[in-house]
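Residue numbers (this note's numbering): 2 to 233. One structure is given here, and the rest of the page talks about it.
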């Protein structure tokens, strides 16, 4: 790995972690009550259900990153490595920027997409507590990882531009690690963070998403122009 690639990768991982960390307000607002109610209904005792839940949730993020990066690799390979990679980065950067603007709440286009049908996800989440403390927690965490979320979707789109599938997986793992503090303590923090603080945290996460998208867009434009000159 050359120094430029290493710096870009380190920036991407750090930015993904900050998106997850600063997205605490968004996580608590969207999922805090859901997670709290889930564990109350699960009647979990000891650390294992909590570890199983969040281990499954972050594992789903990792799988999403792996699949997204693999799709990106296929697109690049099928379209001529040079120009296709630049185009993919440009398109992905624009989509990530739009998802970041959506998180800010100022976009006329709202994200309505997830990784699975929402109605099906809700049904599976509601019945997961009947499977037992640990097995139910694993199912619930996996379903939580698939819930529609602009932050997760932005990270998945960003992963399509990763140099390799393992690096796409690591990008989503970094994002998942950033969400751990808020999600682990969701039952305690839910209701403790006021709407104003959650709003400021979400704005911070959205700015990091936009920064990631802008970085990817710039890399794509630069790469495309270089490769266009080589093949022209």
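Even for Gly, the Cβ is constructed at its ideal location relative to N, Cα and C.
Beta carbon of residue i nearer than 9 Å to that of residue j
i: residue 78; j: residue 175; result: no
i: residue 94; j: residue 153; result: no
i: residue 51; j: residue 145; result: no
i: residue 165; j: residue 12; result: no
i: residue 296; j: residue 65; result: Only positions 2 to 233 of the chain appear in this structure, which leaves residue 296 out of reach.
i: residue 19; j: residue 214; result: no
i: residue 211; j: residue 96; result: no
i: residue 60; j: residue 143; result: yes
i: residue 23; j: residue 185; result: no
i: residue 14; j: residue 181; result: no
i: residue 149; j: residue 100; result: no
i: residue 56; j: residue 222; result: no
i: residue 21; j: residue 179; result: yes
i: residue 117; j: residue 45; result: no
i: residue 218; j: residue 151; result: no
Simplified DSSP state of residue i, which is helix, strand or coil
i: residue 46; result: coil
i: residue 107; result: coil
i: residue 126; result: helix
i: residue 12; result: helix
i: residue 116; result: coil
i: residue 216; result: helix
i: residue 170; result: helix
i: residue 36; result: helix
i: residue 205; result: helix
i: residue 21; result: helix
i: residue 165; result: coil
Element boundaries [alpha helix (DSSP H), containing residue i]
i: residue 186; result: Neither: residue 186 is in no alpha helix (DSSP H) and is coded neither H nor E.
i: residue 156; result: 151-160
i: residue 146; result: 134-147
Nearest-angstrom beta carbon gap, residue j and residue i [assumed within contact, 8 Å]
i: residue 91; j: residue 225; result: 7 Å
i: residue 141; j: residue 126; result: 6 Å
i: residue 10; j: residue 168; result: 7 Å
i: residue 43; j: residue 130; result: 5 Å
i: residue 75; j: residue 89; result: Not really, about 10 Å apart at Cβ, beyond 8 Å.
i: residue 69; j: residue 155; result: Actually they do not touch by this definition, with Cβ atoms about 11 Å apart.
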